[in-house]
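Notes follow once the structure below has been shown.
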Amino acid sequence: MLRKNRFVSLRSKISKDMSNAQILRRQFLANVAQTSPSPMLVGVERAEGVFFYTPEGKRYFDLVSGVSVSNVGHANPVVVEAVKRQAERYMHVMVYGEMVERPQVEYAVEIAAALPDPLESVYFLNSGAEAVEGALKLAKRYTHRTEMISMRRAYHGSTHGAMSMMGEPEGEEWKNAFRPLLPDCKALDFNSFEDLAKITEKTACVLCEPVQGEAGVRLPQEGYLQALRKRCDEVGALLIFDEIQVGMGRTGEMFACQKYGVTPDIITLAKAFGGGMPLGAFVSSKEIMDSLQTDPVLGHITTFGGHPVCCAAGLAAFRYLKDNHVVEDVERKGALYEELLKDHPAVLEIRRSGLLLAVELGTEERLFKVMELFKEEGIMSDWFLYCATAFRISPPLVISDDEIRESVEIIRRVLDRL
Ligand SMILES: Cc1ncc(COP(=O)(O)O)c(C=O)c1O
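For the sequence shown, the working numbering begins at 803 and goes up steadily by one.
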């Protein structure tokens, strides 16, 4: 103990010569678990609107939005106020599904009203991966089948079940180290009409992102989602849309399923659904959802799912999107980005749905160079899990035209240096 104290005081002496930000960075590397050997290491002091600021006062344009989370902008006063008010009233009281809590009920009612029928019963959880886990279990429980189908280059989360649905062969890089995973999972080629025949009477569910995010923004071909819906209906398989990344206005409609006119049996939501707080959900018809209640009872339970503060934040953000007609302007803003960038010689292609853009540069070398320069110039962007040749533009949906133009100026300046 004595030795430990001496070590601590020695460390604090050395620390005097370092700035607080440097100390924090060192402690981050020593004591906060890392997900890769090369984290970004950008410090965050505060965030507001489409910007965040480092402890050194450097401003960054946030073109990632915490991976499609901050749709209503950082520190949106409406959300902050809702969080404060709910925290003062009550936080956690009892495990999920037992008590009548106003923030959960009100949010469920409004989400059900906004989703197409018969999506009306909302099971709240804490994250996207959990929403996917719940949806898969619900499909197995309802259909009494075990086979689960996903798409190649799909990402649905990092828990064992969600990871089992990372489509092969691309997903192998992540899956192999963690086997055995769930049995009875297979993958289709997204957009392959022929592959739909692999969905059969054995299939419990097909899990599909209507727009593939981590594949590098891949849009469904004309008629594909309709054909997928039809095939699922023919064989009695449930169709699950994962709208964790593309829901809550990102594609220019509140939900991507509305954009394509295809209603799934189950939809998963998270990320922007919590307005910046950790919240996820899977939503289905009441008939399907009720199958989780019995045989066995308590077959899917969670302590913190639907935390009242998270639901209050999510509801405030959802109302903000609606009251301020934010979603109605998303397609125009996305098109503005595309228009202002597409003629740059370094840009090979732009794939886009609303305000989710993949700007294709063609090689990893060019992309990594751009990432370094972005960091220097105060642009926060990222690449995609299955696509390390394109950078992401997915700013808060509240970004203004002036902010779009200013960020494009910086991006073009960086691309000029390639
Ligand atoms: C489409 C999709 N599904 C699920 C997830 C997993 O969500 P979470 O990280 O909250 O578990 C993600 C996360 O990026 C995602 O993009």
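The C-beta atom is built at its ideal place from N, Cα and C for all residues, glycine as well.
In terms of alpha-carbon separation, which member of the options lies closest to residue i?
{"i": "GLY1063", "options": "GLY868, PRO918, SER838 and THR1191", "result": "PRO918"}
{"i": "ALA823", "options": "GLU1141, MET1091, GLN836 and GLY859", "result": "GLY859"}
{"i": "LYS1061", "options": "VAL911, VAL869 and VAL1132", "result": "VAL1132"}
{"i": "GLU912", "options": "GLU1205, ARG1154, ALA832 and LEU1123", "result": "LEU1123"}
{"i": "PRO1197", "options": "PHE830, SER821 and TYR862", "result": "TYR862"}
{"i": "MET1173", "options": "HIS1109, ARG827, THR1104 and VAL844", "result": "VAL844"}
{"i": "ASN993", "options": "ALA849, ALA1017 and PHE980", "result": "ALA1017"}
{"i": "GLY1116", "options": "PRO982, MET901 and TYR909", "result": "TYR909"}
{"i": "PHE1084", "options": "VAL882, GLY1049, GLU1178 and ARG1121", "result": "GLY1049"}
{"i": "PRO1110", "options": "ILE825, ASN833 and ARG891", "result": "ARG891"}
{"i": "GLY1164", "options": "ILE1181, LEU1220 and LEU1150", "result": "LEU1150"}
Helix, strand or coil for residue i per DSSP?
{"i": "LEU998", "result": "helix"}
{"i": "ASP1067", "result": "coil"}
{"i": "THR945", "result": "helix"}
{"i": "ILE1201", "result": "coil"}
{"i": "LYS815", "result": "Any reading at LYS815 must be qualified, since the residue scores a pLDDT of 49, below 50, and its modelled position is unreliable; the value itself is stated next. Residue state, collapsed to three classes: helix."}
{"i": "MET893", "result": "coil"}
{"i": "GLY1077", "result": "strand"}
{"i": "LEU865", "result": "coil"}
{"i": "GLY1136", "result": "helix"}
{"i": "ARG1219", "result": "coil"}
{"i": "PHE809", "result": "Note that PHE809 scores a pLDDT of 42, beneath 50, so its modelled location is shaky and nothing firm can be said."}
{"i": "ASP1044", "result": "strand"}
{"i": "MET830", "result": "The displayed chain sequence assigns Phe, not Met, to residue 830. In the structure shown, PHE830 sits in a helix (DSSP, three-state: H, G or I)."}
{"i": "MET803", "result": "Note that MET803 has pLDDT 39, beneath the 50 cutoff, so the model's placement of it is unreliable and no number is given."}
{"i": "LEU1169", "result": "helix"}
{"i": "ILE825", "result": "helix"}
{"i": "GLU1211", "result": "helix"}
{"i": "ALA1006", "result": "strand"}
{"i": "MET965", "result": "helix"}
Which partner residues of residue i appear in the DSSP bridge assignment?
{"i": "LYS988", "result": "ILE951"}
{"i": "ALA1083", "result": "PHE926 and LEU1071"}
{"i": "ALA1160", "result": "ARG1153 and ARG1194"}
{"i": "ALA849", "result": "PHE854"}
Cβ of residue i versus every heavy atom of ligand 1: is any distance shorter than 6 Å?
{"i": "ILE1046", "result": "yes"}
{"i": "GLY930", "result": "yes"}
{"i": "HIS962", "result": "no"}
{"i": "GLY973", "result": "no"}
{"i": "VAL869", "result": "yes"}
{"i": "GLU1011", "result": "yes"}
{"i": "ALA1017", "result": "no"}
{"i": "GLY959", "result": "yes"}
{"i": "ALA1072", "result": "yes"}
Report yes if the C-beta distance between residue i and residue j is below 7 Å; otherwise report no.
{"i": "GLY969", "j": "MET953", "result": "yes"}
{"i": "ALA1006", "j": "LYS1073", "result": "no"}
{"i": "GLY1082", "j": "GLU932", "result": "yes"}
{"i": "GLY1078", "j": "SER870", "result": "no"}
{"i": "VAL1008", "j": "ALA1039", "result": "yes"}
{"i": "ARG1052", "j": "LEU1158", "result": "yes"}
{"i": "ILE1001", "j": "ARG1033", "result": "yes"}
{"i": "VAL1037", "j": "GLU1003", "result": "yes"}
{"i": "GLY1156", "j": "ASN928", "result": "no"}
{"i": "CYS1113", "j": "PRO905", "result": "yes"}
{"i": "PHE1193", "j": "VAL1161", "result": "yes"}
{"i": "PRO1066", "j": "ILE1046", "result": "no"}
{"i": "ALA832", "j": "ALA849", "result": "no"}
Please tell me whether, using a cut-off of 6 Å, the distance from the CB of residue i to the nearest non-hydrogen atom of ligand 3 is below it.
{"i": "HIS894", "result": "As for ligand 3, it is missing from this structure, which binds only ligand 1."}
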